[in-house]
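Enquirer: Plus 6 on top of the position in the sequence shown (first one is 1) and you've got our numbering.
C-beta atoms are modelled at their ideal positions from N, C-alpha and C, and glycine is treated no differently.
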Amino acid sequence: MGNLDFLERELEALEGVGRLRTLRWLESPMGGRVKIGGREVVLLCSNDYLG
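Written as structure tokens, this is what we have:
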């Protein structure tokens, strides 16, 4: 059993219940409206300081 097996199991468990967080990349410059996943959306945040 490797050192990272515990973390791997935890990540798999989170993914299994739909709780694994993934980051979405902006496809346009930061502004009031941005493009994410090919769609233009209103951006109501500025950063991710709370994680």
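#1: Assuming Arg30 and Gly43 make a contact with CB atoms under 8 Å, what is their CB distance in whole Å?
#2: Identify the residues that DSSP records as bridge partners of Val47: which are they?
#3: Helix or strand or just coil, what does DSSP make of Glu33?
#4: Do Gly38 and Val48 have their C-beta atoms closer together than 8 Å?
Expert: So, from the listed chains and residues:
#1: Here residue 30 refers to the residue found at position 24 of the sequence shown. Here residue 43 refers to the residue found at position 37 of the sequence shown. Contact flag correct, Cβ pair sits at about 7 Å.
#2: Locating residue 47 in the sequence shown gives position 41, counting from the first residue. In the DSSP assignment, Val47 forms a beta bridge with Val40.
#3: In the sequence shown, counting from the first residue as 1, residue 33 sits at position 27. It is coil, neither helix nor strand.
#4: Position 32 of the sequence shown, counting from 1, holds the residue named residue 38. Position 42 of the sequence shown, counting from 1, holds the residue named residue 48. Contact flag set, yes.
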